[in-house]
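Numbering (this note's numbering), first residue to last: 13 to 163. These notes are about the structure you will find just below.
Here is the structure:
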């Protein structure tokens with residue numbers, strides 16, 4: 013039923029709370045997990061005289077660091093017998109993750125959600141909510157503080 017499960021992560025503990033739930037479904041269904049993370053690459057606007065990127069910014073290093081992060085998450089999951097694919101996307105996270113999910117059509121999207129309400133939600137926005145609303149597949153939303161799978 014769920015051959016491919018996509019789990020977007022952003023490097024935060026909150027985003028990683030979705031992993032145990034995704035792993036539980038993947039193990040039960042024999043699914044492949046796709047761990048994805050977006051790297052926002054700065055774009056230049058104007059002329060080179062007006063804007064310059066920080067000397068320390070190197071897109072290759074940024075991408076490599078994200079690949080290492082994803083592989084660090086993937087290895088313990090693989091040790092549980094789950095197939096894992098890691099993908100680094102480039103661009104604004106909410107936009108490129110939504111595009112990825114629409115284009116690749118996974119069977120399930122598992123995403124964490126911080127659950128802000130009221131003014132804080134309006135001011136901060138919610139990337140997870142925007143992605144889940146636009147997903148062309150079922151979405152499992154994991155909130156902070158939820159017990160692990162099966163509890």
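For each residue, glycine too, the CB sits at the ideal point set by N, CA and C.
| First through last residue of the alpha helix (DSSP H) which encompasses residue 111 | Counting along the chain, the unbroken alpha helix (DSSP H) around residue 111 starts and ends at 105-116.
| message | I need the boundaries of the beta strand (DSSP E) containing residue 20, first residue and last residue. | response | Counting along the chain, the beta strand (DSSP E) containing residue 20 begins and ends at 16-20.
| Any idea what DSSP makes of residue 34, helix, strand or coil? | If DSSP states are grouped into helix, strand and coil, residue 34 belongs with the helices.
| query | Among residues of its own chain, excluding the 5 on either side of residue 1, which ones have a beta-carbon nearer than 8 angstroms to its beta-carbon? | reply | There is simply no residue 1 to check, as the chain begins at 13 and stops at 163 in what is shown.
| said: For residue 46, list the residues DSSP reports as bridge partners. | reply: Partner(s): 18, 97.
| request: If I'm right that residue 125 touches residue 153 with Cβ under 8 angstroms, what's the distance once you round it to whole angstroms? | output: The pair is a contact, with the Cβ atoms about 5 angstroms apart (cut-off 8 angstroms).
| request: With residue 143 as the anchor, note down where its alpha helix (DSSP H) starts and where it stops. | output: 139-146 is the span of the alpha helix (DSSP H), which, as asked, contains residue 143.
| query | Does the Cβ-Cβ distance between residue 105 and residue 139 come in under 9 angstroms? | reply | For residue 105 and residue 139, yes; Cβs fall inside 9 angstroms.
| task | Check the Cβ-Cβ distances between residue 120 and every residue of chain C, and say whether any is below 9 angstroms. | result | In summary, chain C is missing from the structure at hand, where a single protein chain is found.
| Closest to residue 147 by CA distance: which of 47, 122, 40 is it? | That would be 122, whose Cα lies nearest to the Cα of residue 147.
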